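In what follows, a structure is listed as C-alpha cells, so that the remarks can point back to it.
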Amino acid sequence: MSYEEFKEKVGSVILTKEGNCPVMPVIKMLQGKWKLQILYELCIKSPMRFGELRKILNPITNAALTNALKELEKDELVLRTQFNEMPLRVEYSLTEKGKELLPVFYAISQWGLKYIP
Numbered sequence: 001m002s003y004e005e006f007k008e009k010v011g012s013v014i015l016t017k018e019g020n021c022p023v024m025p026v027i028k029m030l031q032g033k034w035k036l037q038i039l040y041e042l043c044i045k046s047p048m049r050f051g052e053l054r055k056i057l058n059p060i061t062n063a064a065l066t067n068a069l070k071e072l073e074k075d076e077l078v079l080r081t082q083f084n085e086m087p088l089r090v091e092y093s094l095t096e097k098g099k100e101l102l103p104v105f106y107a108i109s110q111w112g113l114k115y116i117p
C-alpha cells in the first residue's frame with residue numbers, strides 16, 4: 001500500500017480517546033514484554049496449555065505469563081478454557097477478535113524478513 005492509498009483509506013484525522021492516531025489504542029492494548037509473543041505463538045499453534053507457552057517463552061516467569069494472559073483475556077483476544085477433569089486442564093486459544101490479528105502478524109513478519117537481516 002502506498003502512502004497515498006493509506007491516506008485515502010484513513011481519510012482525514014480520526015479522533016480517539018488517545019488523540020488523533022487510531023493506532024495508539026491498539027499499541028496500548030498490545031504493549032508489554034510478552035503479549036505480542038504470546039499472541040504470535042497462539043497464531044502458530046492454538047490451543048496451547050500454560051506449560052507449553054511457558055516452555056516456548058522461556059525465560060518468562062509464571063507470574064508474568066499469568067498476568068499477560070489475564071490481560072489478553074480481558075481484552076477479548078485470548079480465550080481461557082478450563083476443563084472439568086482431574087488433573088485440571090486449561091487451554092488458551094485466540095478468540096475471533098484475536099484471529100483478526102493473523103494478517104497483521106503476517107504483514108509484520110514479511111516486513112521483518114525484508115528489512116531486518
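In UniProt numbering, the protein residues as written are 1 to 117. Glycine included, C-beta positions come from ideal geometry on N, C-alpha and C. Model, not experiment: these values are computed from the prediction.
Proximity winner among 8, 70, 21, relative to residue 34 (alpha-carbon distances): 70
If you follow the beta strand (DSSP E) that residue 91 is in, where does it begin and where does it stop? DSSP places residue 91 inside the beta strand (DSSP E), whose first and last residues are 89 to 94.
Neighbourhood of residue 79 by C-beta distance below 6 Å, restricted to the same chain and skipping five residues each side: 93, 95
Start-end ranges of the alpha helix (DSSP H) lying completely within the stretch 48 to 81, minimum 4 residues: 50 to 56, 62 to 74
Between residue 57 and residue 85, what straight-line distance do the alpha-carbon atoms span, to the nearest angstrom? Whole-angstrom Cα-Cα distance: 26 Å.
Buried versus exposed, by CB contacts within 10 Å (16 or more), residue 112: Sixteen is the threshold: since fewer than 16 other Cβ atoms of the shown chains lie within 10 Å of the Cβ of residue 112, the residue is exposed.
For the alpha helix (DSSP H) that residue 111 lies in, which residues bound it at each end? 102 to 115
The alpha helix (DSSP H) enclosing residue 25, as first and last residue numbers: Its alpha helix (DSSP H) spans residues 24 to 30.
Find out if the Cβ-Cβ distance for the pair residue 29, residue 75 is shorter than 9 Å. Going by C-beta atoms, residue 29 is nearer than 9 Å to residue 75.
Could you tell me the distance, in whole angstroms, from the CA atom of residue 41 to the CA atom of residue 5? 31 Å
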